[in-house]
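A.B. asks: Pasting a structure below so you can have a look.
Numbering (this note's numbering), first residue to last: 691 to 1163.
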């Protein structure tokens, strides 16, 4: 018999696109059900993204509501649900979704206990076939520990979860993986108890499932551009999986979304708008911003990052800000639009010579005009560097002349404590920063740092003092 597995992943709150895609999924599922086919529907995480105002204001409840009305069989928390939405909201998300939420490797940090609103695994029986499903998510413990959560090593959990499903009588075992394609391939090579891996996280688009050993792998891209449709050929007599075929289905933008999906999205947007109109700060005078020259807004935020962390120096790529701030009331909606990236400050140690190398590169277009992506970045180009605790003099040829750090000439052989954005630490844009000794992650987003800095007029005056100076000291 055929088992139809329909799957979505990494929607990242592209919700207008999603309700069109969801309408297509409904049509396919209704068609298959009319033929008495066996159908399952899964989401493999990162459905929510707080870059979207309606997700930010509702802490993902809009996403959970759409999952609910679509009647998913299972949902795996991705890193955007698990890290970008605080853990105090997780139970409400799970309850609102009315969907089994599978997380076989998230535990309470304090005592290792499981969260009662998550399930390790799920056994579903339909038309005489038992399908066992379990979910795993990427173990970003530097961040999960801030939330009082510990992500267990996914590889260590697979034998327990897959083996447990087999012992319960599962005919087919499926891993819903928010771990990334390279990890999925590694799992497939070492875990014969798993029949199928439906993956996500790295946004790969596999037009057809691939097979490694006896394990099949599928992934359906990102941003609701596609959904996946797999057909598992299960031999009822021999009780074994014979073959898997399938494809990804592109979103059909000519299709009118179903009325109930549109109504749900619009209702949650109305609720979100009321929340986002809250005034969070008053900007006494305009703060200019430029992606490739000195940014007053960037200066404001790095000054506050340095104060918050107690670091000696700070730098941050200006591409994380989309525009400067006009004088007057600043609403939560404008704050989010200005800085949608869910980026945390990270404290690291760097040698003076590493700082010098970073600052030299920050004067070159191949770094500042580079396209940014991943690691929480929500923008286009990486941008220049806003700095705090530093003065940099450079020549007409954009070469460094001298650097002052913490009021003294930069000492190449001294270790300095720096605070920067986690994007620069983990993306590898500047390899020197990626090699720094990581000390801690601060439990606050950049836009929250900005909001705090705006409360002090002295901070705004300081932000207008230039740190990048053309000519000699």
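We treat Cβ as the ideally placed atom computed from N, Cα and C, and that holds for glycine. The structure presented is a predicted model; accordingly, all values stated were derived computationally and were not measured.
(1) Classify residue 887: buried if its beta carbon has 16 or more other beta carbons within 10 angstroms, exposed otherwise.
(2) Which runs of the beta strand (DSSP E) fall wholly inside the segment 1015-1083 and span at least 3 residues, in chain order?
(3) Once DSSP output is grouped into helix, strand and coil, what is the label at residue 773?
(4) Specify whether the segment 728-736 and the segment 754-771 touch according to this definition: at least 3 beta carbon pairs, one from each stretch, less than 8 Å apart.
(5) In the DSSP output, what is residue 1007 paired with across the bridge?
(6) Does DSSP classify residue 710 as helix, strand or coil?
(7) Rounded to a whole number of angstroms, what is the C-alpha to C-alpha distance between residue 1028 and residue 777?
(8) Taking 8 Å as the threshold, find out whether the segment 1095-1108 comes into contact with the segment 1057-1065 through three or more Cβ pairs.
(9) For residue 1101, which residues of its own chain have a beta-carbon under 6 Å away from its beta-carbon, when the five flanking residues on both sides are left out?
(10) Taking DSSP's pairing of strands, which residues face residue 923 in a bridge?
(11) What runs of the alpha helix (DSSP H), each 4 residues or longer, lie entirely inside the segment 825-864?
(12) What's the call for residue 806, buried or exposed, on a 16-neighbour Cβ count within 10 Å?
(13) Kindly give me the distance between the Cβ atoms of residue 861 and residue 820, rounded to whole angstroms, as I take these residues to be in contact under 8 Å.
(14) Once the 5 residues before and after residue 937 are set aside, which same chain residues still bring their CB inside 8 Å of it?
(15) If I measure Cβ to Cβ from residue 1052 and keep anything under 7 Å in the same chain, skipping five residues before and after, which residues do I get?
(16) For a quick check, are the C-beta atoms of residue 1093 and residue 1158 less than 8 Å apart?
(17) How many Å lie between residue 864 and residue 784 at the Cα?
(18) Does the beta-carbon of residue 1156 have 16 or more other beta-carbons within 10 angstroms, so that it is buried, or is it exposed?
(19) Taking Cβ to Cβ, would you say residue 770 is nearer than 8 Å to residue 747?
C.D. replies: Based on what the coordinates show:
(1) Position 197 of the chain shown holds residue 887. Result: buried.
(2) Within the segment 1015-1083, the complete beta strand (DSSP E) runs of at least 3 residues are 1018-1021, 1035-1041, 1075-1078.
(3) What you label residue 773 is simply residue 83 of the chain shown in a count that begins at 1. When DSSP states are grouped into helix, strand and coil, residue 773 belongs to the helix group.
(4) Touching, yes, given that three or more Cβ pairs across the two stretches are closer than 8 Å.
(5) As a working note, residue 1007 is residue 317 in the chain shown. Partner(s): 1075.
(6) Stepping through the chain shown from its first residue, residue 710 is reached at position 20. Assigned with DSSP and collapsed to three states, residue 710 falls in helix.
(7) Locating residue 1028 in the chain shown gives position 338, where the first residue counts as 1. Locating residue 777 in the chain shown gives position 87, where the first residue counts as 1. Whole-angstrom Cα-Cα distance: 25 Å.
(8) Touching, no.
(9) In the chain shown, the residue the question calls residue 1101 occupies position 411. Counting only Cβ-Cβ distances below 6 Å, and skipping sequence neighbours, we find 1042.
(10) To locate residue 923, count along the chain shown from 1; it is residue 233. Bridge partners of residue 923: 692, 933.
(11) Fully enclosed alpha helix (DSSP H) runs of 4 or longer: 831-834, 844-857.
(12) Walking along the chain shown from the start, residue 806 turns up at place 116. By the Cβ-count criterion, residue 806 is exposed, with fewer than 16 other Cβ atoms from all chains shown falling within 10 Å of its own Cβ.
(13) Position 171 of the chain shown, counted from the start, is the residue given in the question as residue 861. Position 130 of the chain shown, counted from the start, is the residue given in the question as residue 820. The C-beta distance from residue 861 to residue 820 rounds to 5 Å, short enough to fall under 8 Å.
(14) In the chain shown, the residue the question calls residue 937 occupies position 247. The residues 897, 898, 918, 919, in chain order, have a CB closer than 8 Å to that of residue 937 in the same chain once the five nearest residues on each side in sequence are set aside.
(15) For the purposes of this step, residue 1052 is taken as the residue at position 362 of the chain shown. Contacts found: 1058, 1074, 1075.
(16) For this step, residue 1093 is matched to residue 403 along the chain shown. For this step, residue 1158 is matched to residue 468 along the chain shown. No, the pair does not count as a contact, with Cβ atoms beyond the cut-off.
(17) As a working mapping, residue 864 is identified with position 174 in the chain shown. As a working mapping, residue 784 is identified with position 94 in the chain shown. Going from the Cα of residue 864 to the Cα of residue 784 covers about 21 Å.
(18) One-based indexing of the chain shown puts residue 1156 at position 466. Flag for residue 1156 reads exposed.
(19) Reading the chain shown from its first residue, position 80 is the one you call residue 770. Reading the chain shown from its first residue, position 57 is the one you call residue 747. Going by beta carbons, residue 770 and residue 747 fall outside the 8 Å limit.
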